[in-house]
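Protein chains in written order, with the working numbering: chain F, 465 to 771; chain E, 465 to 771.
No residue lacks a Cβ here, since even glycine has one placed at the ideal position from N, Cα and C.
These notes are about the structure you will find just below.
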């Protein structure tokens with residue numbers, strides 16, 4: 465059983481979907497990654513920053529899920545990062561209403577000594593400068609996984625490329641893969657991105673599933689078709705948490721095992737969207753995850769005898 | 465080994481994609497369905513209509529692929545149905561430039577005696593009136609599969625609903641499923657459509673794969689990620705031909721076997737888009753189809769041991 469280091473935002477979100485809206489609730493990439501990875505019973509720790517306005521109960525929630533919070537800096541007098549967004553009717557697109565960086569603006573991450581020897585490093589969506597500072601502090605990680613987004617491709621491409629050159633796996637969505645590579649075909653896009661550094665490329669297609677590429681190999685995990693998607697917030701982070709958490713648990717970084725990891729990522733993400741914010745992930749238990757794995761098998765596994 | 469009856473257009477297409485454009489070439493739903501189904505070595509026959517302008521070599525092509533053309537009426541002095549379309553850069557949307565119904569306008573199909581006892585009836589995209597006239601002429605088919613599109617939902621909804629009530633399987637795309645059911649969630653949409661008659665609902669998502677629904681069961685087949693899609697024309701018909709052809713060959717109409725059928729539909733459709741028009745399907749051989757089946761297995765099959 466390996467050790468997982470997570471870096472990412474711990475934040476407030478205010479979310480509006482066709483099903484309703486929330487006040488400021490717990491959010492942030494590292495929060496979702498941590499809650500998701502906690503399903504594997506591994507030793508995981510978060511590096512992040514919050515303000516003095518951040519409720520202790522949110523930190524306690526992570527602790528209760530066995531996510532170590534020693535690496536979460538609390539800035540005196542500071543205000544926590546806040547994001548607010550509104551989803552369109554199709555749930556696949558959203559408008560950002562508010563982004564207040566607050567304490568995130570000057571964040572220089574410090575990895576606690578106990579997590580500098582992490583086996584797996586999960587770099588959640590954040591400024592590439594922060595991600596690089598974390599990479600510099602870890603000693604011989606077995607696997608570094610990077611999640612990022614188009615915002616950094618637009619605003620900090622050179623710094624992002626330096627991070628991409630140092631990671632083993634990158635997870636981005638289909639439009640971001642096209643933007644980063646300049647290729648429309650996802651097969652070609654993945655090949656171009658592999659040339660930038662990562663040996664494995666995961667392309668997330670939201671409700672259309674996720675693709676894993678490695679050399680000339682491909683694997684696909686569908687999203688579980690659901691009766692209702694209440695709130696997509698955090699689904700990508702939850703996917704990343706399931707992916708990296710499963711790999712840390714199994715300590716097997718082969719392509720074959722990464723297939724299982726993206727199935728687990730999709731599995732956990734399918735829960736995340738069932739309720740607003742982190743609500744569904746907070747109450748998830750092992751039996752539910754195993755039952756859903758059976759649903760994924762039924763959804764995808766077939767047996768054809770050639771004649 | 466069962467017998468397959470196919471009804472649909474046999475036509476001229478002129479296609480423009482970002483990769484080039486064609487003059488008037490062989491097209492039509494029944495053409496693609498027939499070529500696709502021919503990969504299963506079954507007895508299949510097409511019911512359709514063409515004008516006197518239709519080249520004998522196109523009819524010969526079907527005959528060479530063991531597709532019986534006795535049911536293709538040639539209208540003296542008539543002109544063949546012509547469609548022209550231009551695909552956008554994303555290849556997922558297109559504009560129809562020209563639609564000339566010609567001989568299709570007055571088509572009243574006659575099913576040859578030898579195909580009135582077909583085991584599987586594949587109703588390709590056509591006016592629901594024509595589809596119903598074919599249903600009326602077949603005796604105790606084991607399975608009727610309907611392919612249709614939004615054009616008929618807009619222009620002939622009541623006639624379409626009467627056809628839907630009489631079929632076992634319907635194949636439509638995701639937007640059409642939403643339009644027909646009034647439900648955004650595809651899980652809910654499929655449930656509503658099952659109430660209209662079909663026991664099985666196949667929702668085609670183009671490059672995002674296809675879903676099969678039956679009662680509370682679901683199965684998903686991805687599209688094979690390709691380096692380049694040259695021309696999506698006929699991909700949906702080719703899928704339908706693979707689906708219905710495999711079922712006619714195996715004569716097993718269970719949910720379990722329909723999973724295999726949509727894998728074969730996806731398999732064959734993945735070839736169709738590799739070249740313009742019917743070109744790729746004309747030269748396809750069994751070995752290529754079997755090799756691609758292996759690619760589909762590698763793309764989707766996984767093995768997770770719970771611990």
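Q.
Within 10 Å of its beta-carbon, does residue 548 (chain F) have 16 or more other beta-carbons around it, so buried, or fewer, so exposed?
A. Translated into the one-based positions of the first chain, residue 548 (chain F) becomes position 84. Counting Cβ neighbours within 10 Å, residue 548 (chain F) comes out buried, since at least 16 surround it.
(Q) Here's the rule: buried if 16 or more other CB atoms are within 10 angstroms of the residue's CB, otherwise exposed. What is residue 583 (chain E)? (A) Taking the second chain and counting its residues from 1, the one referred to as residue 583 (chain E) is at position 119. With 16 or more other Cβ atoms within 10 Å, it is buried.
Q: Report yes if the C-beta distance between residue 764 (chain E) and residue 686 (chain E) is below 8 angstroms; otherwise report no.
A: Along the second chain, read from residue 1 onward, the residue named residue 764 (chain E) stands at position 300. Along the second chain, read from residue 1 onward, the residue named residue 686 (chain E) stands at position 222. A contact, by the Cβ cut-off of 8 angstroms.
Q. Nearest chain F C-beta to residue 682 (chain E) closer than 8 angstroms, yes or no?
A. The count along the second chain starts at 1 and reaches residue 682 (chain E) at position 218. Output row for residue 682 (chain E): interface = yes.
Q) Hey, residue 609 (chain F) and residue 708 (chain F): beta-carbon distance below 8 angstroms or not? A) Taking the first residue of the first chain as position 1, residue 609 (chain F) is located at position 145. Taking the first residue of the first chain as position 1, residue 708 (chain F) is located at position 244. Yes, the pair counts as a contact, with Cβ atoms nearer than the cut-off.
Q: Spell out whether any CB of chain F is found under 8 angstroms from the CB atom of residue 545 (chain E).
A: Position 81 of the second chain, counted from the start, is the residue given in the question as residue 545 (chain E). No, because no Cβ of chain F sits closer than 8 angstroms to the Cβ of residue 545 (chain E).
Q: Write down the C-beta distance between residue 602 (chain F) and residue 469 (chain F) rounded to the nearest angstrom, noting that I regard them as a contact closer than 8 angstroms.
A: The count along the first chain starts at 1 and reaches residue 602 (chain F) at position 138. The count along the first chain starts at 1 and reaches residue 469 (chain F) at position 5. That belief holds up - the Cβ atoms of residue 602 (chain F) and residue 469 (chain F) are roughly 7 angstroms apart, short of 8 angstroms.
(Q) Buried or exposed, going by whether 16 or more other CB atoms sit within 10 Å of the CB of residue 465 (chain E)? (A) Here residue 465 (chain E) refers to the residue found at position 1 when the second chain is read from its first residue. Residue 465 (chain E) should be labelled exposed.
Q: Check whether the Cβ atoms of residue 496 (chain F) and residue 535 (chain F) lie closer than 8 angstroms to each other.
A: Translated into the one-based positions of the first chain, residue 496 (chain F) becomes position 32. Translated into the one-based positions of the first chain, residue 535 (chain F) becomes position 71. Cβ atoms of residue 496 (chain F) and residue 535 (chain F): not closer than 8 angstroms.
Q. Quick one: is residue 503 (chain E) near chain F, going by C-beta distance under 8 angstroms?
A. The residue given as residue 503 (chain E) occupies position 39 in the second chain. Chain F contact via Cβ: absent.
Q: Scan the stretch 685-715 of chain E for residues whose Cβ lies nearer than 7 angstroms to a Cβ of chain F and list them as they occur along the chain.
A: 686, 689, 690, 691 and 692
Q.
Can you tell me where the beta strand (DSSP E) holding residue 678 (chain E) begins and where it ends?
A. Along the second chain, one-based indexing puts residue 678 (chain E) at 214. From DSSP, the beta strand (DSSP E) with residue 678 (chain E) extends over 674-678.
Q. Is it right to say residue 562 (chain F) is buried, meaning 16 or more other beta carbons lie within 10 angstroms of its own, or is it exposed?
A. In the first chain, residue 562 (chain F) corresponds to position 98, counting from 1. Exposed, since its Cβ has fewer than 16 Cβ neighbours within 10 Å.
Q: Measuring only between beta-carbons, confirm whether residue 723 (chain F) sits less than 8 angstroms from chain E.
A: In the first chain, the residue the question calls residue 723 (chain F) occupies position 259. Cβ-Cβ to chain E under 8 angstroms: yes for residue 723 (chain F).
Q.
For residue 475 (chain E), report the span of its alpha helix (DSSP H) as first-last.
A. For the purposes of this step, residue 475 (chain E) is taken as the residue at position 11 of the second chain. Here residue 475 (chain E) belongs to no alpha helix (DSSP H); instead the beta strand (DSSP E) covers 475-481.
Q. Is the shortest distance between the beta-carbon of residue 766 (chain E) and the beta-carbons of chain F less than 8 angstroms?
A. Counted from its first residue, the second chain places residue 766 (chain E) at position 302. Judged by the 8 angstroms Cβ criterion, residue 766 (chain E) is in contact with chain F.
Q | Nearest-angstrom Cβ-Cβ length linking residue 741 (chain F) and residue 695 (chain F), presumed shorter than 8 angstroms | A | Taking the first chain and counting its residues from 1, one reaches residue 741 (chain F) at position 277. Taking the first chain and counting its residues from 1, one reaches residue 695 (chain F) at position 231. Correct: roughly 7 angstroms between the Cβ atoms.
Q: Please specify which runs of the alpha helix (DSSP H), each continuous and at least 4 residues long, are wholly inside the stretch 551-637 of chain F, giving them in chain order.
A: 592-601, 614-619 and 621-628
Q.
Output needed for residue 645 (chain E): all residues of its chain with C-beta closer than 6 angstroms, excluding positions within five of it in sequence on either side, in chain order.
A. Position 181 of the second chain, counted from the first residue, corresponds to residue 645 (chain E). 653, 656 and 657.
Q.
Just to check my reading of the structure: residue 568 (chain E) and residue 473 (chain E) have Cβ atoms closer than 8 angstroms, yes? What is that Cβ distance to the nearest angstrom?
A. Looking up residue 568 (chain E) in the second chain gives position 104. Looking up residue 473 (chain E) in the second chain gives position 9. Going by Cβ atoms, the distance from residue 568 (chain E) to residue 473 (chain E) rounds to 7 angstroms, so yes, they are a contact pair.
Q.
Looking at residue 729 (chain E): is its Cβ nearer than 8 angstroms to the Cβ of residue 706 (chain E)?
A. Here residue 729 (chain E) refers to the residue found at position 265 of the second chain. Here residue 706 (chain E) refers to the residue found at position 242 of the second chain. Cβ distance < 8 angstroms, so residue 729 (chain E) and residue 706 (chain E) count as in contact.
**Q.** residue 675 (chain F): contacting residues in chain E (beta-carbon distance under 7 angstroms)
**A.** Taking the first chain and counting its residues from 1, the one referred to as residue 675 (chain F) is at position 211. Those within 7 angstroms of residue 675 (chain F) in chain E are 689.
Q) On the three-state DSSP scale, how would you describe residue 726 (chain E)? A) Here the question's residue 726 (chain E) lines up with position 262 in the second chain. In this structure, residue 726 (chain E) counts as helix in the three-state DSSP scheme.
Q: Just the C-alpha distance for residue 486 (chain E) and residue 632 (chain F), rounded to the nearest angstrom, thanks.
A: Taking the second chain and counting its residues from 1, one reaches residue 486 (chain E) at position 22. Taking the first chain and counting its residues from 1, one reaches residue 632 (chain F) at position 168. Distance between the alpha carbons of residue 486 (chain E) and residue 632 (chain F): 44 angstroms.
Q) Nearest CA to the CA of residue 649 (chain E): which residue from F:526, F:475 and F:556? A) Walking along the second chain from the start, residue 649 (chain E) turns up at place 185. It is F:556 whose Cα lies nearest to the Cα of residue 649 (chain E).
Q) Given a threshold of 16 other Cβ atoms within 10 Å of its Cβ, counted over all protein chains shown, does residue 762 (chain E) qualify as buried or as exposed? A) Sequence index remark: in the second chain, residue 762 (chain E) carries index 298 (1-based). By the 10 Å Cβ count, residue 762 (chain E) comes out exposed.
**Q.** residue 552 (chain F) classed as buried or exposed, judged by whether at least 16 other C-beta atoms fall within 10 angstroms
**A.** In the first chain, counting from the first residue as 1, residue 552 (chain F) sits at position 88. Result: exposed.
Q: Between the Cα of residue 479 (chain F) and those of F:518, F:527, F:550 and F:490, spot the shortest distance and give me the residue it belongs to.
A: Position 15 of the first chain, counted from the start, is the residue given in the question as residue 479 (chain F). Measuring from the Cα of residue 479 (chain F), the nearest candidate turns out to be F:550.
Q. In the DSSP assignment, what are the bridge partners of residue 537 (chain E)?
A. If you number the second chain from 1, residue 537 (chain E) lands on position 73. DSSP output for residue 537 (chain E) lists E:513 as bridge partner(s).
**Q.** For residue 491 (chain F), three-class secondary structure by DSSP
**A.** The residue you call residue 491 (chain F) lines up with position 27 of the first chain. Of the three classes helix, strand and coil, the one that applies to residue 491 (chain F) here is strand, per DSSP.
Q: Would you mind telling me which residues of chain E sit closer than 7 angstroms to residue 727 (chain F), beta carbon to beta carbon, in chain order?
A: What you label residue 727 (chain F) is simply residue 263 of the first chain in a count that begins at 1. The answer, in chain order, is 766 and 768.
Q) Using CA coordinates, which residue listed in E:515, E:475 and E:490 is at the minimum distance from residue 744 (chain E)? A) Walking along the second chain from the start, residue 744 (chain E) turns up at place 280. Cα-wise, what sits closest to residue 744 (chain E) is E:490.
**Q.** Paired residues, beta bridge with residue 682 (chain F) - DSSP
**A.** What you label residue 682 (chain F) is simply residue 218 of the first chain in a count that begins at 1. According to DSSP, residue 682 (chain F) bridges with F:677.
Q) Can at least three beta-carbon pairs, one atom from the stretch 744-753 of chain F and one from the stretch 710-719 of chain F, be found at a separation below 8 angstroms? A) no
Q.
Within a Cβ cutoff of 6 angstroms, which residues of the same chain sit near residue 693 (chain E), ignoring the five residues on either side of it in sequence?
A. Here residue 693 (chain E) refers to the residue found at position 229 of the second chain. So the qualifying residues of the chain are 555 and 737.
**Q.** Cβ-based neighbour list, residue 734 (chain E), same chain, cut-off 6 angstroms, excluding 5 preceding and 5 following
**A.** Start at 1 with the first residue of the second chain, and residue 734 (chain E) comes out as number 270. Answer for residue 734 (chain E): 688, listed in chain order.
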